[in-house]
Every structure is written in structure tokens, then in C-alpha cells.
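> Counting in this note's numbering, the sequence shown runs from 2 upward without gaps. Quick one: this structure, given as C-alpha cells, is what I'll be asking you about.
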Amino acid sequence: MDEFDSSKVYFRCNVCELLFQENPELFPVKCLQCGSEDVYRT
2 MDEFDSSKVY FRCNVCELLF QENPELFPVK CLQCGSEDVY RT
């Protein structure tokens, strides 16, 4: 089982709908797949 990184939370991209983990302290948070900044925290 993968270790859960408590410093990261889940985000979903509004453009390509990718669900990914990222550190919420990064700004702006960008989608890892398409690079869009149009993401929201889940």
C-alpha cells in the first residue's frame, strides 16, 4: 500500500477532470496532466 502524504490533498481539474494529489501550499496549483490552473480542492 502506498504511503499517504499528509502534506498533500486531492484536487480535481475542471478542464480534463484529472484527480491528483498536490501540496495546497503551492500557488497556483496546476493540473499535472494538462497544466490548467482551473482546479478545485476535493
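Where a beta carbon is used, it is the ideal one built from N, C-alpha and C, also for glycine. As the structure is a computational prediction, the values presented were derived from the model and not from experiment.
How about residue 10 and residue 29: are their beta carbons less than 7 Å apart?
Your numbering for residue 10 matches position 9 in the sequence shown. Your numbering for residue 29 matches position 28 in the sequence shown. In this structure, residue 29 does not lie closer than 7 Å to residue 10 by Cβ.
> To the nearest angstrom, how far is the alpha carbon of residue 33 from that of residue 21?
Working through the sequence shown from its first residue, we reach residue 33 at position 32. Working through the sequence shown from its first residue, we reach residue 21 at position 20. Rounded to the nearest angstrom, the two C-alpha atoms are 7 Å apart.
> Output needed for residue 41: all residues of its chain with C-beta closer than 7 Å, excluding positions within five of it in sequence on either side, in chain order.
Residue numbering aside, residue 41 sits at position 40 when the sequence shown is read from its first letter. The residues are 12, 13, 15.
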